[in-house]
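Contents: one structure, followed by commentary.
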Amino acid sequence: MRLSKTLLPTLKEDPVEAQIVSHKLMLRSGMIRQLGAGIYNWLPLGLRVLRKVENIVRQQMDKAGAQEVFMPAVQPAELWQETGRWDQYGVELLRFQDRGGRDFCFGPTHEEVVTDLVRNELRSYKQLPANFYQIQTKFRDEVRPRFGIMRGREFLMKDAYSFDLDQQSLDNSYEVMFQAYKEIFKSCGLSFRAVEADSGAIGGSASHEFHVLAESGEDAIASCDSCDYAANLEKAVAGLQDGTDTPPTAEMQKVATPEAKTIDEVSEFFAVTPDKTCKSLLVESDEGPCMLLLRGDHELNEIKAGNLLAGNNFRLLEPHEVKKLTGVGVGSLGPVASKLKIIADNSLANMSDFICGANEDGYHLTGVNWERDLPSPQFADLRNVQEGDSCSRCDAGSLRLDRGIEVGHVFKLGDKYTKSMNMTVLNQDGREQTPLMGCYGIGVSRIVAAAIEQNHDDNGIVWPIFLAPFHVEILLINPKEAPAAEFAEKLYQQLLDSGLEVLLDDRHERLGVKFKDADLIGAPIRVVIGGRGIKEGAVEVQSRKGGSSQKVALNEVGETLINRAKDLLSGS
RNA sequence: CGGGGUGUAGCGCAGUCUGGUAGCGCAUCGGUUUUGGGAACCGAGGGCCGGAGGUUCGAAUCCUCUCACCCCGACCA
0 MRLSKTLLPT
10 LKEDPVEAQI
20 VSHKLMLRSG
30 MIRQLGAGIY
40 NWLPLGLRVL
50 RKVENIVRQQ
60 MDKAGAQEVF
70 MPAVQPAELW
80 QETGRWDQYG
90 VELLRFQDRG
100 GRDFCFGPTH
110 EEVVTDLVRN
120 ELRSYKQLPA
130 NFYQIQTKFR
140 DEVRPRFGIM
150 RGREFLMKDA
160 YSFDLDQQSL
170 DNSYEVMFQA
180 YKEIFKSCGL
190 SFRAVEADSG
200 AIGGSASHEF
210 HVLAESGEDA
220 IASCDSCDYA
230 ANLEKAVAGL
240 QDGTDTPPTA
250 EMQKVATPEA
260 KTIDEVSEFF
270 AVTPDKTCKS
280 LLVESDEGPC
290 MLLLRGDHEL
300 NEIKAGNLLA
310 GNNFRLLEPH
320 EVKKLTGVGV
330 GSLGPVASKL
340 KIIADNSLAN
350 MSDFICGANE
360 DGYHLTGVNW
370 ERDLPSPQFA
380 DLRNVQEGDS
390 CSRCDAGSLR
400 LDRGIEVGHV
410 FKLGDKYTKS
420 MNMTVLNQDG
430 REQTPLMGCY
440 GIGVSRIVAA
450 AIEQNHDDNG
460 IVWPIFLAPF
470 HVEILLINPK
480 EAPAAEFAEK
490 LYQQLLDSGL
500 EVLLDDRHER
510 LGVKFKDADL
520 IGAPIRVVIG
530 GRGIKEGAVE
540 VQSRKGGSSQ
550 KVALNEVGET
560 LINRAKDLLS
570 GS
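Heads up, the first sequence is in numbering that gives the first Met the number 0, so the first residue is 0 and it goes up one at a time.
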């Protein structure tokens, strides 16, 4: 592609509306332009990358035996009413009417449509298992779109739906998709992690999210350094401490702690580490107020606690509410002699001689022990795991925390949709049977943004070769210098003929401008061609990543570039 | 949905308090000189100041309403 004839409007300055690096760089490199809140134009450069991702996804899905279809973006309300989701889905479902006043929505997902399709077309168990996928524009009317493409309202998604006769077959279909997803993210050249997700009320044994690792990721994910356990922080469980159930060695004592309220202050006061203390939190739940106990150095996981208390009303009580309810301030709250229902985190079970609030303002208790000083409460998993916690799946491992961007989600749906929409096939016995469904999503456009979050430097994007809009950029310093221009043109053709994707910067711009744009655009390999180099008989080949450069003789440049690109593409 | 903010040239902004000829930098177009890491000079084009209504001799500026976008929070397969 010739830059002189391409719409590639780069920006020197960061647009004010962009908060995160991928959004800034996508705007600055001329990949996208905003049309409205959460909706974007894709310009030539951005579209090339989007298509790259799309093709990688398509290739792997086909390889995994899924069949590509293309379903309508606009869907009639009737289908959604059949499954009840017309009323359940809420404000994110963009609804509208046609000329005749009939209700429609712009599809945020396609379970209803695909189920309708297969209930009309699949009759026999012999047609199963089947897996249909599409790459489609979706619309979710996000309450607060942000971060550019990362969390837009309109976005490109690959969604796949599998249909199986029984659970075992579904398990297999799921596994095939799981492996295909790994292959997809590997093929994109991204560093990623598959993590366990909560399969929740829908049941089924499994759901996994795929995260691209990036410091700016919205999700925290925990993973074991020894086995393959990995989970979203919301769901991650730490292993229980070893049974160091040491007997009490100290008497319980009430100590005046006039200035010590926070865990830090209390630990400092008693000259102990925070893990020797116990913090008490009051929460509201459907069953009324409840006291949660955590080790001093641990954080409450509100989702776990909320699930445990089955509460729609779950929330932390405000300090003034605590005072009103118990008569003491939050800094001196404690479980001993409390009349409230108490649930303690598992990590407290084998603690002895710990320190906690005395339920009297300005006092704490030391040497507190279960059974002797207060009854053992209910124990449960209430906390966020921490870096270094032991793994709950294996003996050897410890957990590490990373940040990630969710780019894929696989889910066993079971018969939720097939049942409510009456989809059956005849089984071997000639009886009607309701197939089980799985669904598998990948945020295609989000991958583009996530890839940038993971691969950039101060000057711009540093594309992994598999997603790069161009493998090679040729910087022609001055198109008016005939020998250089002719050489660049010849090289351009040679590289194109070899199957590489090449950007030729043939603009009448100064070199500095071209370098800055090349940095922004982020092609992995570039070559600088000018009159001086032609005279010397060698031109400069540079690598975007790391910025290394070498002089290559004119008659070898073509081969060198082709080989280097092929090396990168083959992963070496 | 609650709170905050911003709408003035393609982009980034000043001007608004205190009403009186609509500006600056970058970008764009033409010219000259330049040309190996975001050039210099000369000249030019480009705006119903988000929209509607009002006050006023006169509104980017004051008042009312409205729309859009951004940020924080709540929400989120």
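From the three backbone atoms N, C-alpha and C, an ideal C-beta is built for every residue, glycine too.
Close CB contacts of A259 within its chain, under the 6 Å cut and outside five residues either way in sequence, are with V265 and F268 (chain order). Shortest Cα-Cα distance from I561 to any of S161, H470, A395 and K479 involves H470. Here DSSP, grouped into helix, strand and coil, assigns N171 to helix. Between R314 and the set L280, A343, N345 and I342, the nearest pair of CA atoms involves L280. In this structure I342 is in contact with Q377, their Cβ atoms being roughly 5 Å apart against a cut-off of 8 Å. Of the other Cβ atoms in all chains shown, 16 or more fall within 10 Å of the Cβ of R84; this residue is therefore buried.
According to the DSSP assignment, Q385 belongs to no alpha helix (DSSP H), since it is labelled neither H nor E.
Residue state for M422 is assigned as coil, using DSSP reduced to three classes. With contacts defined by Cβ atoms closer than 9 Å, S215 and E452 form a contacting pair. Contact between the stretch 492 to 509 and the stretch 458 to 476 is present: 3 or more CB-CB pairs across the two stretches fall below 8 Å.
Fewer than three pairs of CB atoms, one per stretch, sit closer than 8 Å, so the stretch 488 to 495 makes no contact with the stretch 416 to 433.
L292 is bridged by DSSP to S279 and A343.
Beta-bridge partners of G287 (DSSP): S284.
Close CB contacts of R150 within its chain, under the 7 Å cut and outside five residues either way in sequence, are with E141 and P144 (chain order).
In the DSSP assignment, the residues bridged to S123 are L425.
Considering only L398, Q74 and S331, the residue with the shortest C-alpha distance to D224 is L398. Cβ-Cβ distances below 8 Å link Q58 to S186 in the same chain, with the five nearest sequence neighbours on each side left out; the list follows chain order.
Under a 10 Å Cβ-count criterion, D163 is classified as buried, with 16 or more other Cβ atoms of the shown protein chains found around its own Cβ. Check the Cα spacing between L121 and each of I55, D170 and E431: the tightest is with E431. In the structure shown, H455 falls within a strand segment according to DSSP collapsed to helix, strand and coil. Burial state of S375 is exposed, judged by a 10 Å Cβ sphere holding fewer than 16 other Cβ atoms. Boundaries of the alpha helix (DSSP H) harbouring V321: P318 to T325, taken from the DSSP string. With respect to H363, V254 sits close: the two C-beta atoms are nearer than 9 Å. DSSP places N40 in the strand class (E or B) of the three-state scheme. Look at I446 here: in three-state DSSP terms it is helix. Burial check for T417: the Cβ neighbour count within 10 Å reaches 16 or more, so the residue is buried. Boundaries of the beta strand (DSSP E) harbouring N231: A229 to N231, taken from the DSSP string. Boundaries of the beta strand (DSSP E) around Y362: Y362 to V367. Burial check for K62: the Cβ neighbour count within 10 Å stays below 16, so the residue is exposed. Between the alpha carbons of R531 and D496 lies a gap of roughly 27 Å. Pairwise C-beta distances place the stretch 271 to 278 in contact with the stretch 352 to 367, as three or more of them are shorter than 8 Å. For I404, no alpha helix (DSSP H) run applies; the uninterrupted beta strand (DSSP E) run containing it begins and ends at L398 to G413, by DSSP.
Nearest to P43 by C-alpha distance, out of P434, I524 and T5, is T5. A residue is called buried when at least 16 other Cβ atoms come within 10 angstroms of its Cβ; N454 meets this threshold and is buried.
An exposed status is given to S548, since fewer than 16 other beta-carbon atoms sit within 10 Å of its beta-carbon.
When rounded, the separation of the alpha-carbon atoms in A537 and R1 is 23 Å.
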